[in-house]
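Engineer: Residue numbers (the working numbering): 68 to 346.
Don't be surprised by glycine CBs; every beta carbon is placed ideally from N, CA and C.
One structure is given below, represented as structure tokens, and several questions about it will come after.
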Amino acid sequence: MKRAAWQRFLRHRPAAVGAGLVATFLLLAVFAPALAPYAFDSIDIRHTLTPPGGRHLLGTDDVGRDVLTRLMFAGRISLTVGLVTTAIGSGLGAAVGLLAGFYRGVVDALLARAIELFLTIPPLAMMFVLAGYLGPGLRTIIIVLSLFGWMFTARLVRGEVLRARSLEFIEAARALGVSDGRIMVRHLLPNVTAPIIVSGTAAVGQAILAESTISYFGLGIQPPVATWGNMLRNAQEYLFSAPWLALLPGIAIFLTVMAFNVVGDGLRDALDPRSRARA
């Protein structure tokens with residue numbers, strides 16, 4: 068990010084706060100084994116459903132596991148799902164958008180129909196179907212979310228490529244005999260990187276929310292591996308007797324999704340100052 072864009076981003080206070088939250092969650096997730104007060108699978112039957120405070124800062128669950136520890140280790144899985152699926156979806160969407168916008172004609176028509184077809188499929192319902200068919204697990208969640216996470220990036224990149232392909236430097240490259248692949252990778256892709264970054268940032272939060280939803284309904288990552296979604300699922304029996312079990316992972320999901328969304332807004336305004344005027 069250029070210095071001027073970085074300064075604009077820092078002046079966007081919600082985005083700066085969101086970036087701090089994202090950095091905090093990432094650090095807690097990455098260094099969870101060193102920072103967590105207990106082992107992730109440590110069970111203390113004598114202290115089940117202990118309220119927050121004392122030896123267990125955020126309390127314990129129904130089998131005596133430390134909630135803070137589980138939140139930190141769950142964040143590793145949830146953030147991994149969000150970042151990996153967004154990277155795959157953004158990469159696939161960028162490739163489809165580049166091809167559709169650059170070649171137009173039959174290629175554009177076919178890829179545009181494919182995008183429209185995927186957009187007509189109810190994503191959450193199809194995620195449940197595929198997760199049930201493939202079986203629960205981390206790989207299944209990544210496959211399912213990546214499969215339905217590329218269309219908006221593809222449409223965005225296609226529009227940007229259609230605008231940029233008629234610029235003078237692209238015409239000059241064509242006249243010099245530069246290959247189509249080189250034009251797309253070396254000249255067009257850098258011009259659509261900023262929109263990809265902005266949309267991808269927001270997509271991370273949406274992927275985390277989708278993973279939490281699928282895991283909450285029991286079709287995602289299964290215990291004893293902890294995610295914020297299956298922590299919510301396990302807490303539903305204790306909503307009144309131990310409300311912190313549902314409240315804390317819910318807050319973690321809310322803060323993470325909100326943080327990535329406001330960071331995306333800040334990046335949009337920083338990388339394209341005209342977007343604020345158009346909004």
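Classify ILE263 as buried or exposed, calling it buried when 16 or more other Cβ atoms lie within 10 Å of its own Cβ.
Structural biologist: For this step, residue 263 is matched to residue 196 along the sequence shown. So ILE263 ends up on the buried side.
Engineer: Among ARG232, ALA72 and ASP129, which has the Cα closest to the Cα of ASN301?
Structural biologist: Locating residue 301 in the sequence shown gives position 234, counting from the first residue. Checking every option, the nearest Cα to that of ASN301 belongs to ASP129.
Engineer: Whose C-alpha, out of MET139, ARG225, VAL211 and GLY272, is nearest the C-alpha of VAL163?
Structural biologist: Within the sequence shown, residue 163 is the residue found at index 96, counting from 1. It is ARG225 whose Cα lies nearest to the Cα of VAL163.
Engineer: From ALA344 to ASP336, what does the alpha carbon distance come to, in whole angstroms?
Structural biologist: Position 277 of the sequence shown holds residue 344. Position 269 of the sequence shown holds residue 336. The predicted position of ALA344 is uncertain, since its pLDDT is 44 and thus under 50; a value taken from the coordinates is nonetheless stated next. Computed Cα separation, rounded: 9 Å.
Engineer: Under 8 Å between the Cβ atoms of TRP295 and VAL134?
Structural biologist: The sequence position of residue 295 within the sequence shown is 228, counting from 1. The sequence position of residue 134 within the sequence shown is 67, counting from 1. No, the pair does not count as a contact, with Cβ atoms beyond the cut-off.
Engineer: According to DSSP, is HIS123 part of a helix, a strand, or is it coil?
Structural biologist: In the sequence shown, residue 123 corresponds to position 56, counting from 1. Strand, per DSSP.
Engineer: DSSP three-state label for ASP111, please.
Structural biologist: If you number the sequence shown from 1, residue 111 lands on position 44. Residue state, collapsed to three classes: coil.
Engineer: What residue ranges within the segment 240-321 form continuous beta strand (DSSP E) runs of no fewer than 3 residues, ordered along the chain?
Structural biologist: Complete beta strand (DSSP E) runs here, min 3: none at all.
Engineer: Which one or two residues does DSSP pair with ASP133 in a beta bridge?
Structural biologist: The residue labelled residue 133 in the question sits at position 66 within the sequence shown. ASP133 pairs with THR127.
Engineer: Here's the rule I'm using: 16 or more other beta-carbon atoms within 10 Å means buried, otherwise exposed. How should SER246 be labelled?
Structural biologist: As a working note, residue 246 is residue 179 in the sequence shown. Exposed is the call here.
Engineer: For PHE215, which three-state DSSP category applies?
Structural biologist: For this step, residue 215 is matched to residue 148 along the sequence shown. PHE215 falls in the coil class under three-state DSSP.
Engineer: Who are the Cβ neighbours of THR207 in its own chain at under 6 Å, not counting the five residues just before and after it?
Structural biologist: Within the sequence shown, the letter at position 140 stands for residue 207. Correct list, in chain order: ALA198 and LEU201.
Engineer: Take PHE284 as the anchor and find which of MET298, VAL271 and GLY272 has the nearest alpha-carbon.
Structural biologist: Here residue 284 refers to the residue found at position 217 of the sequence shown. When each option's Cα is compared against that of PHE284, the closest is MET298.
Engineer: Quick check on this structure: which residue in ALA71, PRO100 and MET251 has the alpha carbon closest to the alpha carbon of PHE169?
Structural biologist: The count along the sequence shown starts at 1 and reaches residue 169 at position 102. Closest by alpha carbon: MET251.
Engineer: Using a Cβ-Cβ cut-off of 6 Å (strictly less than) and excluding sequence neighbours within five positions of ARG137, which residues of its own chain qualify?
Structural biologist: Walking along the sequence shown from the start, residue 137 turns up at place 70. Correct list, in chain order: ALA293.
Engineer: Would you be able to state if there are at least three C-beta pairs under 8 Å between the segment 233-248 and the segment 181-199?
Structural biologist: Because the criterion of three Cβ pairs below 8 Å is not met, the segment 181-199 and the segment 233-248 do not touch.
Engineer: Looking at ILE288 and ILE144, is the spacing between their C-beta atoms short of 8 Å?
Structural biologist: Start at 1 with the first residue of the sequence shown, and residue 144 comes out as number 77. Start at 1 with the first residue of the sequence shown, and residue 288 comes out as number 221. Taking 8 Å as the Cβ cut-off, ILE144 and ILE288 qualify as a contacting pair.
Engineer: What residue does the alpha helix (DSSP H) around PRO100 start on, and which one ends it?
Structural biologist: Within the sequence shown, numbered from 1, the residue matching residue 100 stands at position 33. That run of the alpha helix (DSSP H) goes 99-102.
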